[in-house]
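Residue numbers (the UniProt record's numbering): 1 to 147.
This report concerns only the one structure given below.
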Amino acid sequence: MRMSFWRSTLPAIAALALASTILPSTARSEVVAQVSLASQAMVVYVDGIPRYDWAVSTARPGYRTPTGSFRPTRMHRMWYSKKYDNAPMPSSIFFLGGYAVHGTSHLKALGRPASHGCIRLHPDNARTLYSLVSDQGMGNVRIVITR
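Structural data, given as structure tokens:
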């Protein structure tokens with residue numbers, strides 16, 4: 001009786017062991033995009049290790065960029081602002097209502113406040129962040145904005 005138990009169980013155990021060594025891990029990394037309004041910079045951390053450091057533009061005088069910790073709520077490869085004359089917002093990652101991190105064509109303004117409240121990035125950097133968030137899943141991402 002005992003021998004038949006092991007004969008039927010051992011192949012299943014061996015298959016599980018083999019699968020765990022061959023199949024890719026489905027574990028996802030934690031991504032934190034830390035934005036400093038004071039320095040107009042974003043540092044992107046993956047599992048606590050800084051991977052990217054980019055200049056941004058946040059709200060110019062008369063507008064505001066919200067502070068706090070947020071999770072992405074939706075993403076669009078290309079979005080057009082309904083509020084601001086159909087302005088293009090490539091690689092948009094929305095985190096609070098109409099606020100998003102997105103690419104911009106106003107490259108000379110990066111590194112200083114210039115937006116209506118969104119966080120603007122160089123389009124290449126916005127694509128990189130968009131891809132990272134897509135790969136890791138919105139639930140594994142936080143956007144932290146500090147003064």
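Even for Gly, the Cβ is constructed at its ideal location relative to N, Cα and C.
Please go through the same chain and pick out, in chain order, the residues whose beta-carbon is closer than 7 Å to the beta-carbon of residue i, but skip the five residues on each side of it.
i       : result
Arg-147 : Leu-37, Ala-38 and Thr-67
Gly-98  : Lys-83
Spell out the partners DSSP gives residue i in its beta bridges.
i       : result
Arg-147 : BP columns for Arg-147 are empty, so no partner.
Output needed for residue i: all residues of its chain with C-beta closer than 8 Å, excluding positions within five of it in sequence on either side, in chain order.
i       : result
His-122 : Trp-54, Ala-55, Gly-103, Thr-104, Leu-107 and Leu-110
Asn-86  : Tyr-80
By a C-beta neighbour count over all protein chains shown, 10 Å radius and 16 as the cutoff for buried, is residue i buried or exposed?
i       : result
Met-78  : exposed
Thr-58  : buried
Arg-120 : buried
Ile-49  : exposed
Thr-65  : buried
Ala-27  : exposed
Pro-72  : buried
Confirm, please, whether the CB-CB distance from residue j to residue i is below 8 Å.
i       : j      : result
Ser-134 : Met-75 : yes
Ser-29  : Val-44 : no
Arg-127 : Ser-92 : no
Val-141 : Val-31 : yes
Ser-115 : Arg-51 : no
Could you name the residues of the same chain whose beta carbon sits closer than 6 Å to that of residue i, not counting the 5 residues immediately before and after it, in chain order?
i       : result
Ile-143 : Ala-33, Phe-70 and Phe-95
Met-138 : Pro-72
So that I know if they touch, is there some Cβ in chain B lying closer than 8 Å to that of residue i?
i       : result
Leu-129 : No chain B is present in this structure, which holds just one protein chain.
Whole beta strand (DSSP E) elements within the UniProt domain "L,D-TPase catalytic" (31-146), 3-residue minimum: Listed in chain order, the complete beta strand (DSSP E) runs (minimum 3 residues) inside the UniProt domain "L,D-TPase catalytic" (31-146) are 31-36, 41-46, 49-55, 68-70, 74-80, 88-96, 99-103, 119-121 and 141-146.
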